[in-house]
Amino acid sequence: MPIYALCDMNSFYVSAELLFRPDLVDKPCIVLSNNDGCAVARNPSAKSLGIKMGAPRFEIEEVIQEHGVITFSSNYTLYADISNRVMTTLERLAPSVFIYSIDEAFLDLSGMENLGPLERYGRSVVDTVRRDVGIPCCIGISNTKTLAKLANQGAKKYPKTGGVVDLTDPQRQRRLMAITDVGDVWGVGRRIGKRLKELGVSSALDLADANPAWIRKHFSVVLERTVRELNGIACIPFDDTPPNKKQIVVSRSFGQRITKLSDMRQAISSYMTKAAEKLRNEGMNAGVVTVFFRTNVFNQNQPQYSNSVSRTLTQPSSDTRVLISIANELLSSIWKNGYAFMKAGVMLSDFYDKSISQQGLFDIEPVDGRSTKLMATLDKINRQKKGQLTFARDGISQNWQMKRENLSPCYTTRWSDLPKVR
DNA sequence: TCTGGGGTCCTAGGACCC
DNA sequence: TCTGGGGTCCTAGGACCC
């Protein structure tokens, strides 16, 4: 039987911020999403004030003022760098690591149960990450990913576990599932959780004991797999080779509403610049370009308009200039005056490997080697200093840029922001 | 007034073909 | 004029995740 450990950072974004602000550790702290829109990370002290994950800022404004909650705008450059450090540490400690998200990784411990108690191993991982990177984490261990996730939640929820739970024992699994809400099971979201409860399935244990065929009939194969995983049958492969991306999306809400086509052009062009950069990082060309935008769906008093449009390219490309020009044509085709737009984005999909797609049988245009070289040079310069070279259409004024009022410095990735020791 | 962004997987249904 | 069944491919939309 396989053995998996899930290592999950505690309040990751806040923990990353507090690494550089140890003076604030005892205060309630939260990190806000883009545009300072809602709370996406809270330390325990902020959680105890009742600030919920994803709560819009205007709803918690009172609590913030009353209790002096420290708010950080999200600083993804910082979090990505700290995440890299954690993952590198984990790779040193386990034979196989699958990075699941910026703050979570599965470790494959199969065969290691003979080397001593798994719980002791888990504790050594927690201690090492804490010592080497400074970030607190919890470990859950079991025979399937879904059970490892459950174990991890137990480790987070019950302090006396010391942040490590070995859930390989079936009796222990049942005990924990009995006191876990079905909505807290990995793979059960708000909708399905509600429907399950209406049908009398209210705990994780109820779900584990449900008939898989019945679940498949009333829900889906996805939930059926969850049932089997809760019973210790691994259905979700470990998968330590991340598959190639199938689509790239760059979208943002604006700091101020956009009403002019010229502003929207700037925004779309700058999103496409980012998307094309990601695409080249993947070593891919995109065959389909999509542009979309929408007004504020929360404000039903304003006239609403949202639309999206796609085009299939005759020649897949990763050239920023080509992609921007197509995106702008698409934008013109669906643009309407008289609306206040809140959000827009671009999507690239239908990817082809660069080295293969360049010799397609039906290529009409010869492959432009200069384009590839130009883009490579551009990426190199921008890697050294972000945003050094941009496309004129990205615009200069950019008054639609997102709001980030409490942005912390890039402590670890920009020389000028390096913390100073006095 | 103020409500994130970036992904994946699955399914139902339409278009089309024989 | 009547009008079956089976297959494939594609897309939109729903649900989930962090």
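The first sequence maps to residues 1 to 422 in full-length UniProt numbering.
Cβ coordinates follow ideal geometry from the N, Cα and C atoms, glycine included.
For the pair G345 and S74, the Cα-to-Cα distance works out to about 19 Å. The count of Cβ pairs closer than 8 Å, one atom from the stretch 200–208 and one from the stretch 170–180, reaches three, so the stretches are in contact.
Judged by DSSP in its simplified three-state form, A286 adopts strand. If you look at T128, you'll find it in the alpha helix (DSSP H) that goes L118 to D132. Its Cα nearest to that of N296, the residue F254 stands out among L115, F254 and E405. The stretch 9–21 makes contact with the stretch 120–137; the number of CB pairs closer than 8 Å reaches 3 or more.
Around the CB of N152, 16 or more other CB atoms lie within 10 Å, so the residue is classed as buried. Counting only the Cα atoms, L348 lies some 13 Å from S269. Taking 4 residues as the minimum length, the alpha helix (DSSP H) runs contained wholly in the stretch 244–282 are 261–281, in order along the chain. Per DSSP, Y13 is one residue of the alpha helix (DSSP H) stretching across F12 to L19. Secondary structure of S142 (DSSP, three-state): strand. In this structure, G200 sits away from R190, with a CB-CB distance that is not shorter than 9 Å. Contact check for L90 against H67 fails: the beta carbons are separated by 9 Å or more. With contact defined as three or more Cβ pairs closer than 8 Å, the stretch 76–84 and the stretch 14–30 are in contact. Taking 9 Å as the cut-off, the beta carbon of F106 is found no closer than this to the beta carbon of A155.
Annotation for S332: no beta strand (DSSP E) segment contains it, though the alpha helix (DSSP H) segment containing it runs T320 to I334. Counting of Cβ neighbours within 10 angstroms places F58 among the exposed residues, the total staying below 16. If only uninterrupted beta strand (DSSP E) runs of at least 3 residues are considered, those enclosed by the stretch 151–187 are 164–166. Short of 6 Å from the beta carbon of N43, and not among the five residues preceding or following it, lie these beta carbons of its own chain, in chain order: S11, V14 and C29. In the structure shown, M87 adopts helical secondary structure according to DSSP, grouped into three states. The Cβ atoms of N285 and P316 sit closer than 9 Å to each other. K373 has its alpha-carbon roughly 14 Å from the corresponding atom of S355.
Secondary structure note for S371: its alpha helix (DSSP H) is the uninterrupted segment G369 to Q384. With 16 or more other Cβ atoms inside 10 Å of its own Cβ, S45 counts as buried. Annotation: the continuous alpha helix (DSSP H) that includes E224 extends over V221 to L230.
Residue pairing by DSSP puts P56 in a beta bridge opposite C38.
For the options L331, R294, N301 and V322, the alpha carbon positioned closest to that of V309 is the one of L331.
Here the C-alpha atom of G287 lies approximately 6 Å from the C-alpha atom of T312. Judged by beta-carbon spacing, V164 lies within the 9 Å limit of R123, meaning their Cβ atoms are closer than that value.
In this structure T226 does not touch G193 by the C-beta definition: roughly 12 Å separates them, more than the 8 Å allowed.
A Cβ-Cβ separation of about 5 Å places K145 in contact with I236 under the 8 Å criterion.
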